[in-house]
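Notes for the one structure printed next.
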Amino acid sequence: MSQKSLHLRLGIVASLFALFLVLYAIPTFVFAPSNVGNIILSPKFWPYVLAGLTAIIGVALLFNALTAASDVPFEDEETVHPEGSTPWMRLGALAVIMVLVMFGLPRLGMVWTAMLAFAACAFLFRTRHPIAALVCAVIVPLLLYAFFAHVAGVAIPQGNFVRLP
Amino acid sequence: MKLRTLGSVLALGVGLIAGTAMAEYPERPINMIIPYGAGGATDISARTIAEALGTAAGTPLIMANVTGAGGATGSVAVQNANPDGYTMLFARVGSHSVNPAMKATLPYTLDDFRFVTVYEINPVACAVNPNSGIESMDDLIAKVAEGGVTYSSSGVGSLLHLAGAMVLKEFGVENPLTEATHIPLQGGGAAATAVLNGTATFICTNTSALANFVANGQLKALMVTTAEPVVGFDAPTANDLGKPRLNALVGWTGIAGPAGLPDDVSAKWGAWITEAAQDAKFAETMASMGSVIDVMSPEEAIEFINNQYSVFRALVDELGMRIEG
Amino acid sequence: MSLMDSLAAGFSLVGNFEAFFMLFIGLVVGVVAGAIPGLSATMAVALTLPFTFSMTPINAILLLLGVYKGGIFGGSIPAILIKTPGTPASSATILDGHPMAERGEAGRALGMALYASCTADAVSNLALILFAGWLASFALNFGPPEFFALILFSLTIIAGVSGESLLRGALSALAGLLLATIGLDLVYGTNRFTFGDPNMMGGLNFIAVLIGLFAIPEIIAMAWNPVAHLGRTRALGKSRCSFADYAKSFKSIIRGSMIGVFLGSIPGIGAAPSAFLSYSEARRTSKNKANFGKGEIEGVAASEAGNNGVAGATLIPLLALGVPGDVITAIIIGAFMVHGLQPGPMMFVLNVDIIYGLFIGLIVSSVFLLVVGSVAIRGFKFVADGPKRILMPGVLVLCIYGVFAVNNNIFDVGVMFVMGWVGYIMMRNRIPAAPFLIAFILGPLLEDNFRQSMLMSGSDPSILFRGPITWFFWVLTAITVFAITRSTLRKRVPLS
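Residue numbers (the numbering used here), protein chains in the order written: chain A, -19 to 145; chain B, 35 to 359; chain C, 22 to 517.
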């Protein structure tokens, strides 16, 4: 990818996002009381200013992209990924792991969820030391639990099933 | 919701294996949520009583600060918790009488909680910068008439915010919202500093937050809202000035659980807190912070809070301070 | 009482094994806590507070100060080793510290971080001892208009950390500013982008955003290409910080310390902006400007000097005025009050022995920090040596625990994950993360102080130009913006 095409893309996204903010998000999700004395004190003032600035930067990016003469790709650009579409699947898998972590934290408890997440990630990254990874997956969350719960006095979520001392 | 069913079946199984699932409360450490930041007045008060309370309860209390939105984030965490007595809240005047009175958007009401006690009262004082030439409440009110008077607070819906308006109103200012300007700042420390450097004209807040400045002569106290004088504050009381209605304007810290808290748990907390309040170290720390220990039974606490709430709510409605949207 | 008498009184108070031992313990606790992401210096101080209730006042305060100072340095260890800032103040250290670690120079970066921290600490303590009264009365002149001007100027740092394109840096900063508007409105208390969720009403947790933005993208990048790191040296190795390195960066360290002292003595700014300002100044004046952000050791030195320079200076408003400069000093004020002491001008009269005892302890603390820090660097060495594909899941788990611990809220873990993906998308699109972070810190301060000024003046904008301090910062801002514009237009490289 070149700077020209990157800025073209970012410029479009920024401009559209600014429009979205001004036309929909700010009027809908920012509440201002009816008795605001002066417009510059309104809760909506600052978001509108930011939306305006975003639009300006978006236009500047577009302008920059359209006027740039050269179309030189970035030097350190990653060339085609050797594995084809597998990296995308791994990204998806990592996202699924994160969603499951959020789901598991209040139900399973932090320690058990963390163990599963650790193991899942280590295998997702195709570690060369599977045994070591499994051992770490068990020990690291336990050690962290011991530290946070008993030294730092943090109420680590315990979940509904097996409670640790 | 198959998973939840499965979960409860499993939980039941574990409970059965554990045997006496319905053993005597408390059988494990109790999570205590402090809805304000570490090092604040609520935090110090809570952590001071925690040790004595833990001894009385026979189980450790695990303190957890859950801050945000003027105490609302932590309060919601307890509101939604299982009412088994293992998640309790250190409630404060800001989160549980000013906020409910002022904010229509608050995700909870007083009915979502069951108070087991209120254990400390913090008198409120009003102070000004000694260089301002304001010597008494009368001077301050005269100044309000001239215009340009501001008061600082630690944010919208804080005790300081309401206190400034309430005091002015009691002293005969017709519409404190338009005749004086409220300047919200980031936290109680910043609010006091604002009076120190002239950003705001006056501040009404807990005496503990002002004691230091008053003792050093950096601020001048105009009045305290209690019926009795406060040590270290050479200022008339609200009753001296003929405004006994301001006695309702005090800070407090209490302990509450979710609304469904069982009676026996509530009764136990009542007994523990009475025992814990006898602790000499607790009494000493509280005194040094300028707080008055006043342990209320669950019934007294609920009445006290509801009473304060209705006073605040009436004022808020009269002045149109309620925040909608 | 003469200075000698005061010193003697102070020394009699701290001249025992116990006081120094407490200081030492405090530093150890602080460095370890700071090195754990999520356990910030603030939390470490708060957790230590209850233990100090039964101590003598001077021991209690020294312990807490030790934790504070240790925590600010400790944060740089994970920032350099695993790109996860241990405390917000060390986020600037990532910019050059982590690239150095990637190059196999973690030892050199950590060494420099330590020496810069200790130097800045010493400068800061000296400033406290010599100029406390003067700096405090100066700081008291800072009302909302002055803050507004100062913060507006600080936002120009963004140009210094934007990397290869100013436009993309500005875009990143705007995203940070927009994200910071989430929460309850300051003046009216109404909802802004909270979607009725009570967890959003307090705004997004700063540490969750910070860790999400820096640490999680690394983990996601590892999922994208698990073997990208192979063939690169990453070990701590033999690389050390030489005296030549230190001498070369000395100017930046001193400048960073001064910036830290200045910003630290003004209540309400904190260590993170100071670190970034110091970093951007070092970059601006450096000969190897292009190397900043790619592992320039002077960048590490400047950031660490900037954040440690704050540590001693935040005690200036605390001791001289009784005003807390940040959350940590607010906790320390609590400790003073629990012991029946009232910080403020009267303390220099009534408890002069404690004041001088503190001064002596502070001077010693810089030396202790050097010792504890050296040991800690060796102790954490193994982190850089571990196989990266096991290390990364460990970092993920550590971040989950740490971010939860900040506010005991599972929601924050979710914020961290989401910000992680945002950070990854930014990384892929060559949008720098540092401007985002600076804007996220400074944006709310800018808006709040603007609106407070307007409240003070009844919406009269001329208040923003009151007094010499505001003018000073306005002129400074104008000069900086002019310089940035000129260099951008002249080179046409960063922009186009």
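Beta carbons are placed, not taken as given, at the ideal position from N, Cα and C, and that holds for glycine.
Because the structure is a prediction, the values reported are computed rather than measured.
Query, Result
"Under 7 angstroms between beta-carbons, which chain B residues line up against residue 133/A? List them in chain order, please.", "96 and 97"
"Quick one: what does DSSP say residue 65/A is sitting in, helix, strand or coil?", "coil"
"With a Cβ-Cβ cutoff of 9 angstroms, do residue 31/C and residue 141/C count as a contact?", "no"
"When DSSP builds the beta bridges, which residues end up paired with residue -18/A?", "53/A"
"What's the call for residue 353/C, buried or exposed, on a 16-neighbour Cβ count within 10 Å?", "buried"
"Considering residue 246/B, what are the terminal residues of the alpha helix (DSSP H) in which it resides?", "241 to 249"
"According to DSSP, is residue 146/C helix, strand or coil?", "helix"
"Looking at C-beta atoms only, is the number of pairs between the region 323 to 339 of chain C and the region 146 to 157 of chain C that lie closer than 8 angstroms three or more?", "yes"
"Take every Cβ of the region 480 to 494 of chain C, pair it with every Cβ of the region 217 to 227 of chain C, and state whether three or more of those distances are shorter than 8 angstroms.", "no"
"Report all residues from its chain with a CB closer than 6 angstroms to the CB of residue 111/B; omit the five preceding and five following residues, and keep chain order.", "67 and 100"
"Give a yes or no on whether the C-beta atoms belonging to residue 212/C and residue 11/A are separated by under 9 angstroms.", "yes"
"Can you confirm whether the region 358 to 371 of chain C touches the region 301 to 308 of chain C when touching is taken to mean that 3 or more C-beta pairs between the two stretches lie within less than 8 angstroms?", "no"
"Given a limit of 8 angstroms on CB to CB distance, which residues of the region 5 to 26 of chain A reach chain B?", "11, 12, 13 and 15"
"Does the beta-carbon of residue 44/A have 16 or more other beta-carbons within 10 angstroms, so that it is buried, or is it exposed?", "buried"
"Quick one: what's got a C-beta closer than 6 angstroms to residue 234/C's C-beta in the same chain, skipping five residues either side?", "440, 444 and 454"
"Residues of chain A with CB closer than 8 angstroms to the CB of residue 357/B, please, in chain order.", "13"
"Say whether chain B places a C-beta atom closer than 9 angstroms to the C-beta of residue 219/C.", "yes"
"For the beta strand (DSSP E) containing residue 150/B, name the first residue and the last one.", "147 to 156"
"For residue 315/B, count the other beta carbons within 10 Å of its own beta carbon; 16 or more makes it buried, fewer makes it exposed. Which is it?", "exposed"
"With a cut-off of 8 angstroms on the beta carbons, I'd call residue 58/C and residue 99/C a contact; round off their distance for me.", "6 angstroms"
"Please specify which runs of the alpha helix (DSSP H), each continuous and at least 4 residues long, are wholly inside the region 178 to 244 of chain B, giving them in chain order.", "193 to 204, 210 to 213 and 222 to 230"
"Give a yes or no on whether the C-beta atoms belonging to residue 317/C and residue 117/C are separated by under 9 angstroms.", "yes"
"Answer with buried or exposed for residue 43/C, where buried requires no fewer than 16 other C-beta atoms within 10 angstroms of its C-beta.", "buried"
"Please compile the residues from chain C whose C-beta is within a distance smaller than 9 angstroms of the C-beta of residue 184/B.", "476 and 477"
"In three-state DSSP terms, what is residue 203/C?", "coil"
"With a threshold of 9 angstroms between beta carbons, is residue 46/A in contact with chain C?", "no"
"If you count every other CB in all the chains shown that lies within 10 Å of the CB of residue 154/B, and 16 or more means buried, which is it?", "buried"
"Does the region 112 to 131 of chain B come within contact of the region 269 to 278 of chain B, defined as at least 3 CB pairs closer than 8 angstroms?", "no"
"Apply the 10 Å Cβ neighbour rule to residue 65/C and answer buried if 16 or more other Cβ atoms are within range, or exposed otherwise.", "buried"
"Relative to the C-alpha of residue 216/C, which residue among 5/A, -19/A and -4/A is closest?", "5/A"
"At a Cβ cut of 8 angstroms, what residues of the region 199 to 211 of chain C count as close to chain A, listed as they run along the chain?", "199, 202, 206, 208, 209 and 211"
"In angstroms, rounded to a whole number, what distance separates the CA positions of residue 216/B and residue 194/B?", "10 angstroms"
"With distances taken from CA atoms, which of 18/A, 26/A, 39/A and 3/A is nearest residue -7/A?", "39/A"
"How would you label residue 245/C, buried or exposed, when you count the other beta carbons within 10 angstroms and need 16 or more for buried?", "buried"
"Of all Cβ atoms in chain A, is any one closer than 9 angstroms to the Cβ of residue 517/C?", "Confidence is the limiting factor: at residue 517/C the pLDDT is only 39, short of 50, which leaves the residue's position unreliable and the question unanswerable from this model."
"Rank 452/C, 426/C, 101/C and 148/C by C-alpha distance to the C-alpha of residue 322/C and give the top, closest one.", "101/C"
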